[in-house]
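Colleague:
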Amino acid sequence: MNPTGNRFDANLLAANLLAEMTLEEKIGQLTMVAAGDVVTGPIRAGEVADAIRAGRVGNLLNLWGAEQVRAMQAIAVEESRLKIPLLIGFDVLHGHRTIFPIPLAEAALFDPHLWERSARASAIEAASDGISLAFAPMLDIARDPRWGRIAEGPGEDPWVAATFATAKVRGLQGASLAAVDAVAATAKHFCGYGAGLAGLDYASADISERLLHEVYLPPFKAAVAAGCAAIMPSFNDVNGVPMTAHIPLLRDWLRREQGFEGVIVSDYFAIAELMRHGVAADLVEAAAAALAAGVDIDMMSDAYRLGLPAALERGVASMSQIDAAVRRVLALKARLGLFDDPLRRGCTASSGPLDAKARRDLARDVARRAIVVLTNKRVSPNRKILPLAAGLRRIALIGPLADNSADMLGPWAAVGTPGQAVTVRQGLEAALPNAEIVCACGVGIEDEDISGIAGALELCRGADVVLLCLGESATMSGEAACRANPVLPGRQWALAQAVLDLGKPVVALIFSGRPLMIPALVEKADAVVAAWFLGIEAGNAVADVLSGHFNPTGRLPITWPREIGQVPIFFAARPSGRPAYPGNRYTSIYLDLPVEPQFPFGHGLSYNDATLTNLRASAKEFKLGDELVVLVDVANLGPVAGEETVFLFARDVVASIARPHLELKGFGKIALQAGESATLSLPLRADQLCFPGPDLRPRFEPGDFELSVGASADPLRLLTITVRALPG
Ligand code: BGC
Numbered sequence: 024m025n026p027t028g029n030r031f032d033a034n035l036l037a038a039n040l041l042a043e044m045t046l047e048e049k050i051g052q053l054t055m056v057a058a059g060d061v062v063t064g065p066i067r068a069g070e071v072a073d074a075i076r077a078g079r080v081g082n083l084l085n086l087w088g089a090e091q092v093r094a095m096q097a098i099a100v101e102e103s104r105l106k107i108p109l110l111i112g113f114d115v116l117h118g119h120r121t122i123f124p125i126p127l128a129e130a131a132l133f134d135p136h137l138w139e140r141s142a143r144a145s146a147i148e149a150a151s152d153g154i155s156l157a158f159a160p161m162l163d164i165a166r167d168p169r170w171g172r173i174a175e176g177p178g179e180d181p182w183v184a185a186t187f188a189t190a191k192v193r194g195l196q197g198a199s200l201a202a203v204d205a206v207a208a209t210a211k212h213f214c215g216y217g218a219g220l221a222g223l224d225y226a227s228a229d230i231s232e233r234l235l236h237e238v239y240l241p242p243f244k245a246a247v248a249a250g251c252a253a254i255m256p257s258f259n260d261v262n263g264v265p266m267t268a269h270i271p272l273l274r275d276w277l278r279r280e281q282g283f284e285g286v287i288v289s290d291y292f293a294i295a296e297l298m299r300h301g302v303a304a305d306l307v308e309a310a311a312a313a314l315a316a317g318v319d320i321d322m323m324s325d326a327y328r329l330g331l332p333a334a335l336e337r338g339v340a341s342m343s344q345i346d347a348a349v350r351r352v353l354a355l356k357a358r359l360g361l362f363d364d365p366l367r368r369g370c371t372a373s374s375g376p377l378d379a380k381a382r383r384d385l386a387r388d389v390a391r392r393a394i395v396v397l398t399n400k401r402v403s404p405n406r407k408i409l410p411l412a413a414g415l416r417r418i419a420l421i422g423p424l425a426d427n428s429a430d431m432l433g434p435w436a437a438v439g440t441p442g443q444a445v446t447v448r449q450g451l452e453a454a455l456p457n458a459e460i461v462c463a464c465g466v467g468i469e470d471e472d473i474s475g476i477a478g479a480l481e482l483c484r485g486a487d488v489v490l491l492c493l494g495e496s497a498t499m500s501g502e503a504a505c506r507a508n509p510v511l512p513g514r515q516w517a518l519a520q521a522v523l524d525l526g527k528p529v530v531a532l533i534f535s536g537r538p539l540m541i542p543a544l545v546e547k548a549d550a551v552v553a554a555w556f557l558g559i560e561a562g563n564a565v566a567d568v569l570s571g572h573f574n575p576t577g578r579l580p581i582t583w584p585r586e587i588g589q590v591p592i593f594f595a596a597r598p599s600g601r602p603a604y605p606g607n608r609y610t611s612i613y614l615d616l617p618v619e620p621q622f623p624f625g626h627g628l629s630y631n632d633a634t635l636t637n638l639r640a641s642a643k644e645f646k647l648g649d650e651l652v653v654l655v656d657v658a659n660l661g662p663v664a665g666e667e668t669v670f671l672f673a674r675d676v677v678a679s680i681a682r683p684h685l686e687l688k689g690f691g692k693i694a695l696q697a698g699e700s701a702t703l704s705l706p707l708r709a710d711q712l713c714f715p716g717p718d719l720r721p722r723f724e725p726g727d728f729e730l731s732v733g734a735s736a737d738p739l740r741l742l743t744i745t746v747r748a749l750p751g
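Residue numbers for the sequence shown follow our numbering, beginning at 24 and rising by one.
1. Here's a check: name, in chain order, each residue in its chain whose Cβ is nearer than 7 Å to the Cβ of Pro602, leaving out the five neighbours to either side.
2. If we ignore side chains and look at the alpha-carbon of each, how far apart do Glu148 and Asn607 end up?
3. Buried or exposed: where does Thr440 fall if 16 or more other Cβ atoms within 10 Å of its Cβ makes it buried?
4. According to DSSP, simplified to helix, strand and coil, what is Ala372?
5. For a test of the three-state rule: what should DSSP assign to Met24, helix, strand or coil?
6. Provide the residue(s) that pair with Cys251 in DSSP beta bridges, ordered along the chain.
7. Whole-angstrom Cβ separation of Val80 and Gly51, contact assumed at under 8 Å?
8. Just checking my contact of Val655 with Val732 at CB under 8 Å: how many whole Å lie between their CB atoms?
9. Could you say if the region 161-175 and the region 238-250 meet the contact criterion of at least three C-beta pairs nearer than 8 Å?
10. Does the distance from the CB of Phe158 to the CB of Lys211 come in under 8 Å?
11. Apart from the five residues on each side of it in sequence, which residues of its chain come closer than 7 Å, Cβ to Cβ, to Ala463?
12. Helix, strand or coil, according to DSSP, for Leu195 in the structure here?
13. On the DSSP bridge list, what partners appear for Glu729?
14. So, at 7 Å on beta carbons, what are the nonlocal neighbours of Val529 in its own chain, with the 5 sequence-adjacent residues on each side left out?
15. Assuming Glu560 contacts Val445 (C-beta within less than 8 Å), just tell me the rounded distance between them.
16. Assuming contact is defined by CB atoms lying nearer than 8 Å, are Pro410 and Gly627 in contact in what I supplied?
17. Does the region 638-654 touch the region 698-718, meaning 3 or more C-beta pairs lie closer than 8 Å?
18. Comparing the CB of Lys191 with every heavy atom of the ligand BGC, is any distance shorter than 7 Å?
19. Going by beta-carbon coordinates alone, are Gly330 and Ala310 separated by less than 8 Å?
20. Which residues in the same chain have their Cβ closer than 6 Å to the Cβ of Ala144, if we skip the five residues on either side of it in sequence?
21. Determine the direct distance from the alpha carbon of Pro177 to that of Lys407, and round the result to whole angstroms.
22. Output the distance between the C-alpha atoms of Ala313 and Asp430, rounded to the nearest integer angstrom.
23. Can you look up Leu156 in the DSSP assignment and give me helix, strand or coil?
24. Can we count Phe158 as close to the ligand BGC, meaning its CB is less than 7 Å from some heavy atom?
25. What did DSSP end up calling Lys106 once you bin it into helix, strand or coil?
26. Between which two residues does the alpha helix (DSSP H) containing Cys483 stretch?
27. Going by other Cβ atoms of all chains shown within 10 Å of its Cβ, with 16 needed for buried, is Pro256 buried or exposed?
28. For a test of your reading of the model: does the CB of Glu502 fall under 7 Å from any non-hydrogen atom of the ligand BGC? Yes or no.
29. Less than 8 Å between C-beta atoms, sequence neighbours within five positions excluded: which residues of the same chain meet that for Leu749?
30. Determine the direct distance from the alpha carbon of Tyr291 to that of Asp60, and round the result to whole angstroms.
31. Count the other CB atoms within 10 Å of the CB of Leu220; is the residue buried (16 or more) or exposed (fewer)?
32. At which residue ranges does the region 489-545 contain complete alpha helix (DSSP H) runs of 4 or more residues, listed in the order of the chain?
33. Around the C-beta of Ala38, are 16 or more other C-beta atoms found within 10 angstroms, so that it is buried, or is it exposed?
34. Is any heavy atom of the ligand BGC found at a distance shorter than 7 Å from the C-beta of Leu162?
35. Suppose you measure from the CA of Arg120 to the CA of Lys380; what does that come to, to the nearest Å?
36. Per DSSP, Asp432 is paired with what?
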């Protein structure tokens, strides 16, 4: 055994193998093709087997299942000349078999411990299905709900995304990559994918160097620091250079500055797409450009296999570049323990029934914590509509997502089985056995047929409360799922209006992979709840929250706009010289819309009331190298126990470069019984107050900083103190 815990020394092994490899075998190690049941490409399993045998393919994606993986691995390690095991990659984005809430929803937990636990559970399942490389976590900062992939990442804020990155990498990779239940993580998509023009997928992104360093790079820096094994460049170009060939960011920033020694795996067909970007004339140039930037594995475009031999001949690529890439791929395989025992992933006992039950319980807990109660109006002097009153006789469950299992899983549901997801109806029936629950779709998710509305209204008439289950289908978010106008699709608003006109108490549950523009619904419904896509336990999680069995604690990881015209909208904007002042048109306002969002970042209601008081810091003055502790007293005013999330923001009052109104520097959670108070401590290192200077290096400027804490980024609800940074 060597110190890495593997029987083989990764570098020595790579060097020995390299010395024996033909060019074709080397390129085989840099090639990843699809072989499996997921629809991806034209390659059939038989052809893949031949290519593995011949050493032309060293890595697969979209293959899972112990038997299937073992069959392919056996070909690689028994029938190929050099017996090199395969990397098996798969999108383990929000669960593998046990499907958790989509990442945007999971971000609403603001709980790194649970973020890590759900990733660990997913890794255990994926590894027992033979997978060794997860194409996750997705760390794209997203500030435009038109972009479908906003669903797959942790929202708008770089601090949240960096914390999420660390937790997910830890969870997926576990304590040692060589462990039988560990999978290598792939931080993706590097970078700026969420900044595509007009919210379009795959679109070009123009990002200033400042924004790159302040917003888009920090999550990847955190992933690298956490030991992330792989990185996937994004499809888009940044400032004119496609990320798949971005030498300054991939080679200079990621490899040289951050010291990333892992594997860079291209996105699907992205190397060949360099031709469509107009930066490569043919596959040879495309392959050479990606290799020069440090892309090790070509996923699905066959550019390395077809292009690299000619690139060598033309002198636009070198054998040492190829060798370096092969070395990194072999080193990862060694770190994963694949040379020790290529077949051991896929034969663990970790997916036994008891473990599966524990993972399902975890999925329920994560799902109910992801639910964000957006509004909850008073229906009588002494009660709000939520939690639902005990003893309700009849509940009308209306809408296309009321008894819908398939869509609960959300996009990238991996190998989750649609029928397994608990529907809202099933969840409520289990939670409220004494209530009569009547259910109707009224309308479909997207179609124009309104003939079902009359029947749905009939059911509502005899009900004590109406629960409207509205929103998107799972395929309306995720990859290739942009919406120019993310409102309620189809005729759902017509259904909602008709129901609201009945004058019954109405709770609207919004299922979606993004904030939907629903200002009228927010105004008229008695409560609005963001129910995202919550995964396999969706219905139970919703029932836990609506029934009051669980006091909701989810908080928005993203600013929720009123109308799409406000986009991009996020709390960390820089101040204007003419800040918004209603009534003065020569300020930063719209003539036709408020500038405030529908709901600020961090917003979310619980069934208890809490207050924050007595904000203070451990010191009033500090220097670089110091660590402050910010303290605030949190009181749960009741009537029930609850969990408060407190955000810590900073503002550099006067600096050489205009700084954002608010920058998130931390968050904390505290659980309190009804009537209980306690002090929450939030650590703040002085270097967290640095910002990229003119040379983009971190710069610490003495002077005043405002530190604010609050339950959200709503500026009107923050407590603020000023502390002073001293020189030296
Ligand atoms: C997506 C990646 C994903 C890959 C493999 C691509 O289309 O952009 O996020 O990992 O497919 O499934």
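Quick reminder that beta carbons are idealized off the backbone N, C-alpha and C, glycines included.
Modeller: From the atom records:
1. Hits under 7 Å: Thr610, Ser611.
2. Rounded to whole angstroms, Glu148 to Asn607 spans 58 Å at the Cα level.
3. The C-beta of Thr440 has fewer than 16 other C-beta atoms within 10 Å across all chains shown, which makes the residue exposed.
4. Confidence in Ala372 is poor, its pLDDT being 49 and thus under 50, which makes the residue's placement unreliable; the coordinate value appears in the next sentence. Residue state, collapsed to three classes: coil.
5. Annotation note: pLDDT 39 at Met24 (below 50); position unreliable, no value reported.
6. Beta-bridge pairing links Cys251 to no other residue.
7. Sure, about 6 Å apart at Cβ, within 8 Å.
8. The pair is a contact, with the Cβ atoms about 5 Å apart (cut-off 8 Å).
9. At 8 Å Cβ cutoff, the stretches touch.
10. Yes. Within cutoff.
11. Only Ile421, Gly475, Gly478, Ala479, Leu482 meet the Cβ criterion.
12. Note: Leu195 maps to helix in three-state DSSP.
13. Residue pairing by DSSP places Glu729 opposite Arg674, Thr745 in a beta bridge.
14. Within the same chain, Val529 has close Cβ partners Val489, Leu491, Val522, Leu523, Ala548, Asp549.
15. Right, the Cβ-Cβ distance comes to about 6 Å (below 8 Å), so this counts as a contact.
16. The answer is no: Cβ separation not under 8 Å.
17. With contact defined as three or more Cβ pairs closer than 8 Å, the region 698-718 and the region 638-654 are in contact.
18. The beta carbon of Lys191 sits no closer than 7 Å to any heavy atom of the ligand BGC.
19. Yes. Within cutoff.
20. For Ala144, where only same-chain residues beyond five positions count, the Cβ hits under 6 Å are Arg382, Leu385.
21. If you draw a straight line from the Cα of Lys407 to the Cα of Pro177, it is about 30 Å long.
22. Approximately 37 Å between the Cα atoms of the pair.
23. Assigned with DSSP and collapsed to three states, Leu156 falls in strand.
24. At least one heavy atom of the ligand BGC is found less than 7 Å from the C-beta of Phe158.
25. Looking at Lys106 - three-state DSSP - the assignment turns out to be coil, as it is neither helix nor strand.
26. Element bounds for Cys483: 476-484.
27. The C-beta of Pro256 has 16 or more other C-beta atoms within 10 Å across all chains shown, which makes the residue buried.
28. Glu502: yes, Cβ under 7 Å from the ligand BGC.
29. Excluding residues within five positions, the ones whose Cβ falls inside 8 Å are Glu644, Phe645, Lys646, Pro725.
30. Bear in mind that the predicted position of Asp60 carries a pLDDT of just 45, short of 50, making it unreliable; the figure below should be weighed with that in mind. In this model, Asp60 and Tyr291 are separated by some 16 Å (Cα to Cα).
31. It is exposed - the Cβ of Leu220 has fewer than 16 other Cβ atoms within 10 Å.
32. The qualifying runs are 515-523.
33. Of the residues assessed, Ala38 falls on the exposed side of the cut-off, its CB having fewer than 16 other CB atoms within 10 angstroms.
34. No, since every heavy atom of the ligand BGC falls outside the 7 Å radius drawn around the Cβ of Leu162.
35. Roughly 12 Å separates the two Cα atoms.
36. In the sequence under discussion, the amino acid at residue 432 is Leu, which differs from the Asp named in the question. In DSSP, Leu432 forms no bridge with anything.
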